[in-house]
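Okay, so here's the structure we're looking at.
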Amino acid sequence: GVTALNPFYGYPAAINRPTGERGPELTDPSCYFDVATQRWFHVVLTLDVQPTGPNAGAFLGPNHLDIAVSQTSSPVGLWTIYKIAVQDDGTGTPATPDHGCTLTPAGKGHGPCFGDYPHIGADANGFYITTNEYSFFGPEFKAAQIYALPKRALAANIALVPVTQFDTTDAVRGKQAG
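For the sequence shown, our numbering puts the final residue at 197, and the numbers step up evenly by one.
Encoded structure:
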């Protein structure tokens, strides 16, 4: 049957109508079937929100990419879930890099970045996700971020899969490498 994204990824419902409690906001889903590994890959951007109280549903800043990988070639079976923190403000587990995103529309203070509009792709060895990084609460675009993961490790549903992040900030700002 049909499953909403929040329970699929193990989160509370986007809104619990009787209690008013809010679950995280999941957005920008993408799905890919990899013929070589016979696995489905599904990715969403997850935005943490205030679950209760007068500000229920307000964005908190932490955000992450959630990756679901099917455990068989069937999309209706079990899936393994992975999370990559993308707020890039020096927080998270493990800690993200700090890309200096601003906290206010006026460009003041230090706050989280936002890994917007994830896109996915794969080749013989890797599974890749790109995001457009913006300041979550401020005005600026930072750069594209690329996350590379070993495709066969994901397909094998290994518990801890390494991820390499490529930050293109210097390319956006016109700086030369070296």
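Quick reminder that beta carbons are idealized off the backbone N, C-alpha and C, glycines included.
*Write down the C-beta distance between G128 and F155 rounded to the nearest angstrom, noting that I regard them as a contact closer than 8 Å.*
For the purposes of this step, residue 128 is taken as the residue at position 109 of the sequence shown. For the purposes of this step, residue 155 is taken as the residue at position 136 of the sequence shown. Incorrect: roughly 12 Å between the Cβ atoms, too far for contact.
*Alpha carbon to alpha carbon, how far is V63 from A141? Give it in angstroms, no decimals.*
If you number the sequence shown from 1, residue 141 lands on position 122. If you number the sequence shown from 1, residue 63 lands on position 44. Distance between the alpha carbons of A141 and V63 is about 16 Å.
_Our contact map puts Q57 next to N82 with C-beta atoms below 8 Å; I'd like the distance itself, whole angstroms only._
If you number the sequence shown from 1, residue 57 lands on position 38. If you number the sequence shown from 1, residue 82 lands on position 63. Q57 to N82, Cβ: 31 Å. No contact.
*So, is F133 buried or exposed, given that buried needs 16 or more other C-beta atoms within 10 angstroms?*
Within the sequence shown, residue 133 is the residue found at index 114, counting from 1. Looking at its Cβ environment, which holds 16 or more other Cβ atoms inside 10 Å, F133 is buried.
*asked:* Short of 6 Å in beta carbon distance, which residues of its chain neighbour T187, apart from the five on each side in sequence? Order them along the chain.
replied: Counted from its first residue, the sequence shown places residue 187 at position 168. The residues are A162 and A163.
*My guess is that Y166 and N151 are in contact by the Cβ rule of under 8 Å, so how many angstroms apart are they, rounded?*
Looking up residue 166 in the sequence shown gives position 147. Looking up residue 151 in the sequence shown gives position 132. Not quite, the Cβ-Cβ distance comes to about 13 Å (not below 8 Å), so this is no contact.
_Burial state of G197, where buried means 16 or more other Cβ atoms lie within 10 Å_ = Residue mapping note: residue 197 aligns to position 178 of the sequence shown, counting from 1. For G197, the predicted model reports a pLDDT of 47, less than 50, meaning its position is unreliable; a value from the coordinates is still stated below. Flag for G197 reads exposed.
*Sorted by chain position, which residues of the same chain lie with C-beta nearer than 8 Å to E159's C-beta, five sequence neighbours on each side aside?*
Here residue 159 refers to the residue found at position 140 of the sequence shown. The answer, listed in chain order, is C120, T121, G126 and Y153.
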